[in-house]
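As structure tokens, the structure follows; a few thoughts come after it.
There are 2 protein chains.
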Amino acid sequence: MRLLVTGSAGFIGSHLVDRLLSEGHEVTGFDNFSVGQPEFLADARRSSKFHLIHGDILNETTIAKAMQGVDLVFHLAANADVRFGIEHPQKDLEQNTIGTFRVLEAMRHAGVTQIVFASTGSIYGEPDTFPTPENCPFPVQTSLYGASKLAAEGLIEAYTEGFGLQGHIFRFVSILGERYTHGHVFDFYKQLLDHPDRLDVLGNGKQRKSYLYIQDCLDAMLLAIRKSNGRLNIFNLGADEFCTVDDSIGWICEHLSLNPRRAYSGGDRGWIGDSPFIFLDCSMIRNLGWKPHLTIREGIIRTLEYLRQNEWILNRRREV
Amino acid sequence: MRLLVTGSAGFIGSHLVDRLLSEGHEVTGFDNFSVGQPEFLADARRSSKFHLIHGDILNETTIAKAMQGVDLVFHLAANADVRFGIEHPQKDLEQNTIGTFRVLEAMRHAGVTQIVFASTGSIYGEPDTFPTPENCPFPVQTSLYGASKLAAEGLIEAYTEGFGLQGHIFRFVSILGERYTHGHVFDFYKQLLDHPDRLDVLGNGKQRKSYLYIQDCLDAMLLAIRKSNGRLNIFNLGADEFCTVDDSIGWICEHLSLNPRRAYSGGDRGWIGDSPFIFLDCSMIRNLGWKPHLTIREGIIRTLEYLRQNEWILNRRREV
């Protein structure tokens, strides 16, 4: 199969490319390198089965060209920062909603009929049901990011109905692991390098979050694509556990043998639109036979170890 | 209060303008007249309290200017044709999703904090629960139109959270009445003028739909805005009844004293993305003390009578 991965130089995208190549597929990577890192594709570029297109999904010509001869699209290109939506509301709309529309249109014109989409548990806003199942009560959006991903889901759904596409939509918790260059582990590690005796924490530290290790995430996605063949297939992807921000700080500090003073910004949300409790019901994907191999704690430590061994990334990657 | 109505020359918009003026408000109408009819604003233009801006919500400069000094925005401008989405997928995205974004951004920059939004029961796709309540299980989109309105709802919700706006979102069934210039009554009447002995019907005639008369719709909206003061207020608006397409044909033909042969296109959907059953649970708005005054049948007859007395509209208004 010939596969296109948008956002191929990103955290999840680059791991996915590596995995798909290891399974023998022909893979085209597509990235505008606004966030993606060329280094993440170093292994992939050594494979003769990998082709890289430097382009933006918003550019109709480039994305149309990339779509030629493709069997399936993994659409991962996105603005993935949930936190800064209100600083630049247009970014989520453009990169996530309109970007997905451009990908769908390019698929339609090229006759590509299968899309796999990286959505997010953020579209549940602040749900009442925990763990939150895929068919929970109609949620209310609390972030521009969630709203933009919900809009993208809606487009994909309408395209499956209107144009006969097949879609796999995965609603992720935060994914952890090597090459994860934003989120709280990244923030905390960067802070502790600067000032090992103090850690600034957004919120009160009691926010409960769920995470999943990247390889477990890829296992789940590939299993679901193989086993689930409806026109539209929606899966939550997360661990069957959660931790508090304080738990995570404890694990990080223990691993680094540090004991910083914790300076909380206060409140039960880290930022406007932050969900104080994220915990997804993943029984649908578990019922296909998947389970994660790493705990949240192990995923956090792997992320931390990657950052320790790749300090170049701390300066390269800007938040926002 | 100074009110801005986008889509003010449309079916619902023009009735809303008339109502708001009759209540003594200062009203600015905003329309690009792509679908709206100047004649619908004939009464309004006789009022010194009415100001009309000929402009497009997608034009940032024009919409920014319109927002000056406004207290509340009724955002009704939209592509309102659910049926033709797959013929021009970009139209719903642009006019409904991006259009709503432009309105929200203009509000934010001008410091306008209240938005009333015309959404749709189409965002429920093909629900399992009837009547369908606002908090039904997370729906799947079946039309580009529904997807674009869902995206707009998500944006409004994220803006209420992120920027402190107050939002009222109304999910309408099809609204009936004077000036209603699309939908099945319009289609059928036009057909019966052309060939009174034959009526082409999309689907098998068994589709069950709910409708609401325009003045009942306005009563409900204005009541909800007065009585419901949460940051985000979402209401279904419809009748507590539904009818089949065949019921409606029967009433129309009886009223016109015609007995055409019915030629069904077949299938339980009129078009791709058509929902074979629309019936909303409106107990939330009913609990505020509202109830409709006209039955669906009466609303259909009023629509028909309007068309009989205003045949100019049949040639003016193109579908799509």
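Top to bottom, those sequences are chains P and H.
Under my numbering, the first sequence is numbered contiguously, ending at residue 570.
Under my numbering, the second sequence is numbered contiguously, ending at residue 570.
Built from N, CA and C at the ideal position, the CB exists for glycine as well.
Residue environment, residue i, which counts as buried when at least 16 other CB atoms sit within 10 Å
i, result
"P:SER298", "exposed"
"P:ARG352", "buried"
"P:HIS418", "buried"
"P:ASN346", "buried"
"H:GLU403", "buried"
"P:GLN391", "buried"
"H:SER398", "buried"
"H:LYS477", "exposed"
"P:LYS541", "exposed"
"H:SER393", "buried"
"P:ARG566", "exposed"
"H:THR379", "exposed"
"P:THR382", "buried"
"H:HIS304", "exposed"
"P:ALA401", "buried"
"P:ARG333", "buried"
"H:THR256", "buried"
"P:SER533", "exposed"
"H:ASN309", "exposed"
"H:LEU405", "buried"
"H:MET471", "buried"
"P:ALA292", "exposed"
"H:LEU361", "A small fix is needed here, since residue 361 of chain H is Gly in this sequence, not Leu. Its Cβ having fewer than 16 others within 10 Å, H:GLY361 is exposed."
"P:ASN282", "buried"
"P:LEU254", "buried"
"H:ASP447", "exposed"
Enclosing beta strand (DSSP E) for residue i [first to last residue]
i, result
"P:ASP444", "Element bounds for P:ASP444: not the beta strand (DSSP E) but the alpha helix (DSSP H), 433–444."
"H:HIS275", "Looking at the DSSP string, H:HIS275 is not in any beta strand (DSSP E), and its letter there is neither H nor E."
"H:PHE485", "482–487"
"H:ILE528", "Segment: none, H:ILE528 is in no beta strand (DSSP E) and carries neither H nor E."
"H:ILE365", "364–370"
"P:ILE425", "424–426"
"P:ASP450", "448–451"
"H:MET382", "According to the sequence as given, residue 382 of chain H is Thr; it is not Met. It is not in any beta strand (DSSP E) - H:THR382 carries neither H nor E in the DSSP assignment."
"P:ARG512", "511–514"
"P:ILE563", "From DSSP, P:ILE563 is part of no beta strand (DSSP E) but of the alpha helix (DSSP H) over 562–566."
"P:ILE464", "Not the beta strand (DSSP E): P:ILE464 falls in the alpha helix (DSSP H), residues 464–477."
Contact list for residue i against chain P, beta-carbon separation under 7 angstroms
i, result
"H:PHE571", "Residue 571 of chain H lies beyond the range of chain H shown here (251 to 570); nothing can be said about it."
"H:ILE522", "GLU411, GLY412"
"H:THR347", "THR347, ALA401"
"H:LEU564", "Going along chain P, no residue has its Cβ under 7 angstroms from H:LEU564, so there is no contact; the nearest lies around 29 angstroms."
"H:GLY417", "The contacting residues do not exist; H:GLY417 stays about 10 angstroms from chain P at best."
"H:LEU544", "Going along chain P, no residue has its Cβ under 7 angstroms from H:LEU544, so there is no contact; the nearest lies around 29 angstroms."
Where residue i meets chain H, residues with beta-carbon distance less than 8 angstroms
i, result
"P:GLU407", "GLY375, VAL390, GLN391, THR392, ALA397"
Chain H contact residues for residue i, given Cβ-Cβ distances below 9 angstroms
i, result
"P:LEU482", "VAL390"
"P:LEU254", "Ordered by position in chain H, no residue passes the 9 angstroms Cβ test against P:LEU254, which lies about 20 angstroms from the chain."
"P:LEU530", "Ordered by position in chain H, no residue passes the 9 angstroms Cβ test against P:LEU530, which lies about 12 angstroms from the chain."
Chain H residues whose Cβ lies nearer than 7 angstroms to that of residue i
i, result
"P:THR350", "Under the 7 angstroms cutoff, chain H gives no residues; its nearest Cβ is about 10 angstroms from P:THR350."
"P:LEU487", "In chain order: nothing, as chain H lies at least about 16 angstroms away."
"P:LEU538", "Those do not exist, as P:LEU538 stays about 20 angstroms from chain H at its closest Cβ, beyond 7 angstroms."
"P:GLY361", "None at all; the shortest Cβ gap to chain H is about 15 angstroms."
Bounding residues of the alpha helix (DSSP H) (the contiguous stretch that carries residue i)
i, result
"H:HIS505", "495–506"
"P:ALA401", "394–413"
"H:VAL353", "349–360"
"P:TYR556", "546–559"
"P:ARG519", "That residue, P:ARG519, is in no alpha helix (DSSP H); it is neither H nor E in DSSP."
Where residue i meets chain P, residues with beta-carbon distance less than 8 angstroms
i, result
"H:GLU355", "PRO339, GLN340"
"H:GLY500", "Going along chain P, no residue has its Cβ under 8 angstroms from H:GLY500, so there is no contact; the nearest lies around 30 angstroms."
"H:GLY427", "Under the 8 angstroms cutoff, chain P gives no residues; its nearest Cβ is about 28 angstroms from H:GLY427."
Neighbour list for residue i in chain P, Cβ cutoff strictly below 9 angstroms
i, result
"H:GLY263", "Simply none; closest approach about 24 angstroms."
"H:GLY517", "In chain order: nothing, as chain P lies at least about 14 angstroms away."
- When Cβ atoms are compared, which residues of the stretch 382–395 of chain P fall closer than 9 angstroms to chain H? Per Cβ criterion, the list reads PRO383, GLU384, ASN385, CYS386, PRO387, PHE388, PRO389, VAL390, GLN391, THR392, SER393, LEU394, TYR395.
- Task: Could you list the residues in the stretch 324–337 of chain H with a C-beta less than 9 angstroms from some C-beta on chain P, going in chain order?
- Result: Under the 9 angstroms Cβ criterion, the stretch 324–337 of chain H contributes GLY335, ILE336.
- Item | Interfacial residues, the stretch 306–326 of chain P to chain H, with Cβ spacing under 9 angstroms | Residues: none.
- Query: Is the stretch 433–444 of chain H close to the stretch 548–556 of chain H, with three or more CB pairs under 8 angstroms?
  - Reply: Verdict: yes, contact present.
- Query: Is the stretch 302–316 of chain H touching the stretch 364–372 of chain H, taking contact as three or more C-beta pairs under 8 angstroms?
  - Reply: Put simply, the stretch 302–316 of chain H does not touch the stretch 364–372 of chain H. Fewer than three CB pairs are less than 8 angstroms apart.
- Message: By the 9 angstroms beta-carbon criterion, what residues does the stretch 442–468 of chain H contribute toward chain P?
- Response: Against chain P - using a Cβ distance shorter than 9 angstroms - the stretch 442–468 of chain H contributes no residues.
- Pairing CB atoms from the stretch 482–495 of chain P with CB atoms from the stretch 528–537 of chain P, are three or more of them under 8 angstroms? Segments in contact, yes.
- Message: I'd like to know if the stretch 319–332 of chain H and the stretch 375–386 of chain H are in contact, where contact means that at least 3 CB-CB pairs between them fall below 8 angstroms.
- Response: Fewer than three beta-carbon pairs drawn from the stretch 319–332 of chain H and the stretch 375–386 of chain H are found closer than 8 angstroms, and the two stretches are therefore not classed as touching.
- Task: Would you check if the stretch 279–290 of chain P and the stretch 251–270 of chain P touch, i.e. whether three or more CB-CB distances between them fall below 8 angstroms?
- Result: For the pair of segments examined, the stretch 251–270 of chain P was found to touch the stretch 279–290 of chain P: the number of CB pairs separated by less than 8 angstroms reaches three.
- Can we say the stretch 446–462 of chain P touches the stretch 508–519 of chain P, given the rule of at least three CB pairs closer than 8 angstroms? Contact between the stretch 446–462 of chain P and the stretch 508–519 of chain P is established, with three or more Cβ pairs separated by less than 8 angstroms.
- Item | Contact the stretch 456–475 of chain H vs the stretch 493–508 of chain H: 3+ CB pairs below 8 angstroms | Yes, since at least three Cβ pairs between the stretch 456–475 of chain H and the stretch 493–508 of chain H fall closer than 8 angstroms, the two stretches touch.
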